[in-house]
Amino acid sequence: MDLGEFRDGGQTAKQIYFGGRLESIGAWLHLARTWVFANGGLEVDDVKKPTKLLYDMPQTLDALRFLQKLIVESKVMANSSTTLNNAIGQTNNIAAFTQGKLGMSSGWLSYLPQHTLTNSNVDLVPYPRGPGAGGRYTTDIGPWGLSIYAKSKHPDAAFRLIEFLTGYEGQRVMSGLSGATSVWPFQITWLPENVTNPEIYADLLMAGTLRLVNRERQQLQSIIDSNLNSIWAGNTPVEIAVRQIMEQGPQFLEK
Numbered sequence: 549m550d551l552g553e554f555r556d557g558g559q560t561a562k563q564i565y566f567g568g569r570l571e572s573i574g575a576w577l578h579l580a581r582t583w584v585f586a587n588g589g590l591e592v593d594d595v596k597k598p599t600k601l602l603y604d605m606p607q608t609l610d611a612l613r614f615l616q617k618l619i620v621e622s623k624v625m626a627n628s629s630t631t632l633n634n635a636i637g638q639t640n641n642i643a644a645f646t647q648g649k650l651g652m653s654s655g656w657l658s659y660l661p662q663h664t665l666t667n668s669n670v671d672l673v674p675y676p677r678g679p680g681a682g683g684r685y686t687t688d689i690g691p692w693g694l695s696i697y698a699k700s701k702h703p704d705a706a707f708r709l710i711e712f713l714t715g716y717e718g719q720r721v722m723s724g725l726s727g728a729t730s731v732w733p734f735q736i737t738w739l740p741e742n743v744t745n746p747e748i749y750a751d752l753l754m755a756g757t758l759r760l761v762n763r764e765r766q767q768l769q770s771i772i773d774s775n776l777n778s779i780w781a782g783n784t785p786v787e788i789a790v791r792q793i794m795e796q797g798p799q800f801l802e803k
């Protein structure tokens, strides 16, 4: 599925009943950066040692314009619990999906069992590939790490916990936790039975993207989110919001 097919599918899933009442909505935004990755865009030049923001890439601008049209113009996509509630009277995207009020949902795999609480089947799919240069099918699945706080009062205990979690027995336990994938070859047991295509899970892992690793990530993300939210609200053109990100964000890459 490409972005055009996704848009058409979302439009089909959006239903307007007699009197103008919206019965369902097409899709859920979740993470804008994953849509950017799907269109061949990048957040930064190096996720481990970032020196430059890349939100002004043509692929990124095109992806953000595409999302703005879905959210603001066609109202096919909801970008927050508030907009979801305003559209269909439901604040939770998982509940909306299981109730048939949300056509396509995206979220953490750890929430997947909640999607299967109703008598229905669930298909796993990656984010659709964009038409931009370097466009690819992608997911937000990625590796995670453990660290010890520099001022920890119990560094030895913290180290022993990390040693257990990353070892054979700890990884065996992890393989049974919702949304987790062990680095050891343990069978994943948490995928619900009504997931129709569990065999593509490995492909979804391989399509995962790396997030920016940065000490000042919280401050940088706040700048990015505030400007993106202005786009989703229809208050700011994509080019202006991206210019503000490019002007305000670099200071947090230098720390």
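All residue numbers for the sequence shown refer to this note's numbering, where the first residue is 549 and numbers rise by one.
From the three backbone atoms N, C-alpha and C, an ideal C-beta is built for every residue, glycine too.
#### Entry: Minimum C-alpha distance to GLY693 - residue among GLU553, ILE710 and PRO674
The shortest Cα separation from GLY693 among GLU553, ILE710 and PRO674 belongs to ILE710.
Q) Residue range of the alpha helix (DSSP H) that MET605 falls in? A) From DSSP, MET605 is part of no alpha helix (DSSP H); its letter is neither H nor E.
Considering only residues of the same chain and omitting the five flanking positions on each side of SER658, which have a CB-CB separation below 7 Å?
SER726 and GLY727
Give me the Cβ distance between LEU753 and THR729, rounded to the nearest whole Å; I'm assuming they're in contact under 8 Å.
-> 6 Å
| task | List the endpoints of the continuous alpha helix (DSSP H) containing GLU795. | result | 786-796
If contacts are defined as beta-carbon pairs under 8 Å, then LEU601 and ILE793 qualify, I think. What distance do you get, rounded to the angstrom?
7 Å
- Check whether the Cβ of THR560 lies closer than 7 Å to any heavy atom of the ligand ATP, and answer yes or no. The ligand content of the structure shown is nil, which means the ligand ATP is not present either.
Requested in this report: Note the first and the last residue of the continuous beta strand (DSSP E) segment covering ALA575.
Outcome: It spans 570-576 - the beta strand (DSSP E) in which ALA575 sits, taken as one unbroken run.
Pick out the complete alpha helix (DSSP H) segments inside the segment 670-720, 4 residues or longer, and give them in chain order.
703-714, all fully within the segment 670-720.
With distances taken between CB atoms, is the gap from THR757 to ASP688 smaller than 8 Å?
yes
- Task: Pick helix, strand or coil for GLY522, following the three-state DSSP scheme.
- Result: Nothing can be reported for residue 522: it is not among the residues displayed for the chain, which extend from 549 to 803.
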